[in-house]
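First to last, the sequence lines map onto chains A and B. Each residue of the first sequence is one higher than the last, beginning at 66 in my numbering. Each residue of the second sequence is one higher than the last, beginning at 12 in my numbering. Even for Gly, the Cβ is constructed at its ideal location relative to N, Cα and C. All remarks here apply to the structure that follows.
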Amino acid sequence: MRNRGRTAFIISYLAPAVILYGVFVILPVLQAVGFSLFKWSGLSSKKTYVGFDNFKQLFHDNVFWEALLHNAWIFVFGGTAILVIAIAVAHGMQGESKLTKTLRGVYLFPNIMSLVVVAILWEFVYDPHIGLVTSLVKLFGGSAKPNPLAPIQDTSILGNPTKALPAVIITFVWFAVGFYIMLFSAGIRQIPQEVAEASKLDGAEGIFRFRKITLPLLWSVGRISVIYIVINTLNVFALVYLMTQGGPDRKTEVMLTYLYEQAFVNSDYGAATALAIANFVIVMAVSGIVMGLTRKDPSGAHH
Amino acid sequence: MNQAISLTKRVFAAIGLTIFTLAVVVPLLWMVLTSLKSGPEIFASPWGMPGRIHWENFTHAWETAGIAHFFLNSLIVTIATLAILLPTGAMAAYVFARYPFPGSKLLFGTFLGGMMFPQFLTIVPLFFLMNTLKIGAFSLYDTKLGLTIVYVAYSLPFTVFVLTGFFQTLPKDLDEAAMIDGAGHSKVFWRVMLPLAKPGLIVVGIFNGIGLWNEYSLALVLIPSEQNRTLPLGIANLVMVEHYQSDWGALFAGLVIVMVPVLVVYWIFRDKIHETMLAGALKG
């Protein structure tokens, strides 16, 4: 193998990617750490070094904790719903017939669409005048006819402080679940046929077979799913920003909508960057905890 | 007895799957149906059929609401991004796959790390960077060129990851034989390896293309002006800022216009897309 020009080739072929990635991804990541240590507002170049003050402020900021709590609710309720539905559908729809393959493809539609379309579509689904939900409630005997005299939070779902977050969570599940159905279906396909056959011969049936054979074999897929759910629920932005802007009265505020507000509405860039780093650290920490807690497979099988 | 249980269970499973399928599909069908109804029909009942098909909703969305312009912007940015991303990513991936050098593993790892950074970690510094970087007298902020460059940079980690894996599967004898024939490193790449990598490039291109067409958060921060708005940004602005709700039919038509190209591409290439998603998810 000739080595003439090898080094020059390597450098020139890596250069475009390395420069673009270095300037627009790595550099801003490093800058983010620096920015978080300065008090810095507006487009002026006036920056004051304040050490960890932005983080201290964040720690005492009630809005941040409220936002984090909402992220946690989305993770707990949305995540549980996603896992239950995904495992149930993947388990109930085994086999590679044309119908099951088509349906699995259809379940991924919401995931392929722009979050902007998903958010606006569901804003309309929840709309008290034209939406599907109001008419469904009526169908089942509820009186959901908007009373023109009632205050707005009684008639609209997304304007109601107690209904808005559950409504956003339902939308999130609708958007995300197809991806996890695909993951679990792939996991079930990997279960060796002999294992499934042997369990049948032993008389292991139904629920028993599901718990003893299917579930442990799905453990690794489950772990990956939970990690993805952690990342996606703690980083939710477009859905909330477009459906409720964090409202009403911050009842759906999440970390990243608050970050956006701090940076691009309040021009408090130091605080926004501190929040960005806190968000990243929280995602990493929770992912790490989940990895640690789920290392051991309850059935004792090794993967 | 056993059979009775399994029959009941089958019925329950079938009912459950039907309800779930309806929950996924009905909002989508409702969106398409509503995009074909008149204003009064939309208010009368969400389930009612249109008296006639109101195609004018689509002309209103396309012309009056300015969707055509946003559509064009999205098309330009998506195609330009892919045109820069695919060769850039393929060149780097080929080096990572075939030309190990001291530190190449570390550099590759740094690229993959990019898949873990949430976009919002860099959003504030990126906003200032785009304002600072200038081409002539103009900053990259609020330009289609600037958005394109940022899209390339943020799509590189996944692209390099997938294409490196692809180049590694190609047999080594091919490039070695070409080298013995006297072709230089560059010639081997462009004439032999890149054509062989075409299936990988198509998958990565489609996958990135869908994501770029749909992208919202980066565009929201980097594109303030109406003139440069991409499609997701444009339709979001119609609903949130301009309160275009006086013309519901046109709004629903707008949503359909954003969604349809993506779903058509997805449906044609769905097997490949599923494969890539699974490979990315389970190995990454």
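Note on Q327(A): 16 or more other CB atoms within 10 angstroms of its CB, so buried under the neighbour-count rule. Residue environment: A55(B) is assigned as exposed (fewer than 16 neighbouring CB atoms within 10 Å of its CB, all protein chains considered). Cβ contact annotation for M42(B) (same chain, cutoff 7 Å, sequence separation greater than five): F263, L266 and V267, in chain order. In this structure A91(B) does not touch T170(B) by the C-beta definition: roughly 15 Å separates them, more than the 8 Å allowed. Residues of the region 252 to 269 of chain B with a C-beta atom less than 7 Å from some C-beta of chain A are W259, L266 and V269, listed in chain order. Not a single CB atom of chain B sits nearer than 8 Å to the CB of T113(A). Segment contact: the region 131 to 145 of chain B against the region 90 to 106 of chain A, three or more CB-CB distances shorter than 8 Å; contact assigned.
As computed with DSSP, K112(A) is found in a beta bridge with W105(A). Around N225(B), the beta-carbon contacts reaching into chain A at under 9 Å are I177, M178, S179, L180, V181 and V182. I289(A) is not bridged by DSSP to any residue. In this structure, the straight-line span from the alpha carbon of P113(B) to that of D314(A) is close to 55 Å.
Chain order gives no chain A residues near S236(B), where near means a beta carbon separation below 8 Å; the closest approach is about 15 Å. Contact annotation for R281(B) against chain A: G170 and L173 [CB-CB distance below 8 Å, chain order].
In this structure, the straight-line span from the alpha carbon of L181(B) to that of V154(A) is close to 37 Å. If you draw a straight line from the Cα of I150(A) to the Cα of H156(A), it is about 10 Å long. Listed along the chain, the chain B residues whose CB falls inside 9 Å of the CB of M158(A) are A24 and L28. Beta-bridge pairing by DSSP links I246(A) to no other residue. Straight across, the Cα-Cα distance linking V286(A) with L289(B) is about 11 Å. As the crow flies, the alpha-carbon of A80(A) is around 16 Å from that of K116(B).
Judged by pairs of C-beta atoms under 8 Å, the region 230 to 237 of chain B touches the region 146 to 154 of chain B, as three or more such pairs exist.
In the DSSP assignment, F149(B) is bridged to I146(B).
From the beta-carbon of I64(B), no residue of chain A is found nearer than 9 Å; the closest lies around 18 Å away. Taking the Cβ atoms as the reference, V181(A) lies roughly 6 Å from L307(A), within the contact range of under 8 Å. Just so you know, the alpha carbons of P231(A) and L340(A) end up roughly 25 Å apart. DSSP, reduced to helix, strand and coil, places D192(B) outside both helices and strands of the structure shown, so it counts as coil. DSSP places K155(B) inside the alpha helix (DSSP H), whose first and last residues are K155 to T180. Interface residue (Cβ-Cβ distance to chain A less than 8 Å): S150(B) is not classified as such. The criterion of a C-beta distance shorter than 8 Å is not satisfied by V295(A) and G143(A). Residue state for D192(A) is assigned as coil, using DSSP reduced to three classes. Between P193(A) and F240(A), the C-beta spacing is not below 8 Å. For M126(B), the closest alpha carbon among the candidates A189(B), I64(B) and V173(B) is that of V173(B). Excluding sequence positions up to five before and after L167(B), its CB lies within less than 8 Å of the CB of L96, T99, G100, A103, F122 and G125, all in the same chain and listed in chain order. The beta carbon of Y105(B) is closer than 7 Å to those of F178, F200 and M204 in its chain, skipping five residues each way along the sequence.
Separation of the CB atoms of S179(A) and V269(B) is rounded to 6 Å, and the pair is thereby assigned contact status at 8 Å.
Neighbours of V348(A) in chain B, taken as residues whose beta carbon is under 8 Å from its own, are P129 in chain order.
Using a 10 angstroms sphere on the CB of G357(A), the tally of other CB atoms stays under 16, which defines it as exposed.
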